[in-house]
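Residue numbers (the numbering used here): 2 to 492. Glycine included, C-beta positions come from ideal geometry on N, C-alpha and C. What you are looking at is a predicted structure, and each value in this text was computed from that prediction instead of being measured.
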Ligand code: GLN
């Protein structure tokens with residue numbers, strides 16, 4: 002069997018098309034590697050072997066007949082557990098959804114599968130996507146493949162770890178305040194925050210509906226462009242999905258970056274930024290300049306309000322979205338309750354973890370009579386100011402280049418007792434979430450101790466093509482880049 006842990010989408014498809022391997026062999030090789038490596042990582046919550054092997058057999062039949070293969074023919078993917086796959090468990094990392102199996106496929110999953118992808122299984126994440134370290138999963142933390150004592154980031158920690166550890170060619174994650182970008186940076190892989198409304202959310206278990214997005218986590222920028230192109234676009238099943246036409250993100254990668262205007266926001270380089278990360282981002286900016294970009298300092302003056310604004314809006318929306326988990330319709334139901342309200346109370350008490358409860362309390366408070374104006378409405382007003390900051394900057398530049406995270410991946414357990422310090426892990430990601438703009442994170446170097454560093458490239462609404470193009474240039478700057486850095490012990 003070929004080396005699967007560095008495989009890209011195009012290489013996988015090509016190997017199947019030329020008969021070097023089969024989709025079935027590729028899926029089986031992934032399951033073998035998952036059995037061997039995932040006990041250390043804990044990225045998969047459930048495997049969907051029957052479905053994967055049935056799809057692989059279909060692809061192999063096409064290939065055997067010499068028919069043209071669809072763009073993701075036989076490509077093994079992992080799906081974050083907040084996304085619905087018909088008949089497969091969808092726990093969202095929560096005990097409250099134990100036993101729940103959605104009766105339908107989410108649109109993003111369905112579109113990728115229609116393009117030939119093989120769904121390996123469901124992937125671990127922070128409970129209801131709330132967290133920055135994957136330590137809030139009811140099914141145990143995920144370990145960072147680059148250093149097993151460190152967190153992979155969150156909430157799509159399993160999605161990033163699986164790609165870095167060679168346990169799927171690519172995965173889907175979701176990003177509400179940084180949950181694709183921060184774990185991708187922590188695990189040394191690429192992730193995309195698509196523009197709000199770009200990818201249908203039909204079949205996504207909602208966290209904060211004005212912020213939630215689905216996006217790819219991959220080994221290369223090109224793989225992200227390929228997946229995004231297939232997933233993006235209007236869906237009649239999601240009224241919030243946009244009708245803006247979807248450009249060919251893959252073809253867009255061929256254009257040079259020379260002439261692009263790069264903005265460097267001062268607010269993203271202040272106190273609290275790790276010096277090695279700062280140096281790595283500055284070096285990346287120099288390299289972009291050498292590649293023909295112009296570089297200009299810009300200001301996003303309201304950035305300092307982003308964390309409190311996000312944690313009011315996201316928790317308020319979460320408190321409303323999570324009201325549906327009451328023991329009646331989905332998953333867990335407390336047994337020893339003799340009235341309806343006792344059943345609600347006991348189910349929610351037993352089913353939700355501490356962070357989710359904290360957020361329901363915070364969000365309910367922010368929405369309650371008398372506090373709504375002081376907190377929720379005020380946060381929405383600040384959100385407008387944050388969005389205007391970006392719109393003003395994008396009048397002058399094409400992309401913004403910033404660190405993705407203030408620090409390298411931290412140790413498991415390091416921040417679990419201090420929610421505010423955990424929230425600060427999102428300091429560079431939540432602002433773009435609030436503004437609805439798009440972005441990409443891609444590896445731009447390593448710390449002296451070998452931990453990955455990610456650079457965030459932000460672009461205006463619906464300009465994923467430009468962010469991806471700049472990310473691809475950054476990928477090209479990495480010496481000896483062979484698709485992705487291997488880090489799992491024993492490989
Ligand atoms: N870490 C952030 C939070 O805990 C973002 C989560 C996300 O993007 N889903 O809310």
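In the DSSP assignment, find the alpha helix (DSSP H) that holds residue i and state where it starts and stops.
| i | result |
| --- | --- |
| residue 42 | 24-42 |
| residue 158 | 158-165 |
| residue 120 | Counting along the chain, residue 120 falls outside any alpha helix (DSSP H), though it belongs to the beta strand (DSSP E) covering 119-124. |
| residue 477 | 465-478 |
| residue 182 | 182-188 |
| residue 297 | From DSSP, residue 297 is part of no alpha helix (DSSP H) but of the beta strand (DSSP E) over 295-299. |
| residue 309 | 307-322 |
| residue 50 | 50-65 |
| residue 346 | 341-352 |
| residue 493 | The structure shown does not extend to residue 493, since the chain spans only 2 to 492, so no value can be given for it. |
| residue 364 | 355-368 |
| residue 424 | 420-424 |
Have a look at residue i and residue j and give me their C-alpha separation to the nearest angstrom.
| i | j | result |
| --- | --- | --- |
| residue 418 | residue 44 | 23 Å |
| residue 67 | residue 210 | 44 Å |
| residue 1 | residue 237 | Absent from the model: residue 1. The displayed extent of the chain is 2 to 492, so no value can be given. |
| residue 21 | residue 427 | 43 Å |
| residue 410 | residue 424 | 14 Å |
| residue 446 | residue 230 | 27 Å |
| residue 58 | residue 18 | 14 Å |
| residue 281 | residue 444 | 10 Å |
| residue 99 | residue 359 | 21 Å |
| residue 27 | residue 62 | 15 Å |
| residue 173 | residue 158 | 11 Å |
| residue 76 | residue 115 | 12 Å |
| residue 309 | residue 266 | 20 Å |
| residue 246 | residue 198 | 12 Å |
| residue 478 | residue 350 | 50 Å |
| residue 3 | residue 183 | 30 Å |
| residue 203 | residue 103 | 12 Å |
| residue 193 | residue 383 | 25 Å |
| residue 151 | residue 166 | 14 Å |
| residue 373 | residue 225 | 39 Å |
| residue 177 | residue 65 | 42 Å |
| residue 119 | residue 338 | 42 Å |
| residue 437 | residue 464 | 12 Å |
| residue 371 | residue 11 | 56 Å |
| residue 403 | residue 175 | 20 Å |
| residue 36 | residue 170 | 16 Å |
| residue 482 | residue 185 | With a pLDDT of 48 at residue 482, under the threshold of 50, the modelled position of that residue is not reliable, and no figure is offered here. |
| residue 369 | residue 346 | 20 Å |
| residue 448 | residue 284 | 13 Å |
| residue 342 | residue 334 | 12 Å |
| residue 33 | residue 6 | 12 Å |
So if DSSP puts residue i in a beta bridge, which residue, or which two residues, is it bridged to?
| i | result |
| --- | --- |
| residue 460 | 400 and 439 |
| residue 176 | 214 |
| residue 250 | For residue 250, which the question treats as bridged, DSSP gives no partner whatsoever. |
| residue 13 | For residue 13, which the question treats as bridged, DSSP gives no partner whatsoever. |
| residue 77 | 119 |
| residue 151 | 412 |
| residue 455 | 444 |
| residue 45 | 124 |
| residue 191 | 219 |
| residue 205 | 84 |
| residue 200 | 233 |
| residue 171 | 78 |
Grab the span of the beta strand (DSSP E) containing residue i for me, first residue to last.
| i | result |
| --- | --- |
| residue 262 | 262-266 |
| residue 133 | Careful: residue 133 lies outside any beta strand (DSSP E) and carries neither H nor E. |
Inter-stretch contact at 8 Å, needing at least 3 Cβ pairs: the region 269-276 / the region 133-142: no
Contact between the region 327-336 and the region 288-306 (3+ Cβ pairs under 8 Å): no
The region 404-416 contacting the region 251-266, beta-carbon criterion three pairs below 8 Å: no
Touching by the beta-carbon criterion (3+ pairs, under 8 Å), the region 450-458 and the region 429-442: yes
Segment contact flag, the region 76-92 with the region 35-49, C-beta cutoff 8 Å, min 3 pairs: yes
Three or more C-beta pairs below 8 Å linking the region 351-366 and the region 317-324: yes
Three or more C-beta pairs below 8 Å linking the region 104-120 and the region 153-168: no
Any 3 or more C-beta pairs closer than 8 Å across the region 122-129 and the region 87-98: yes
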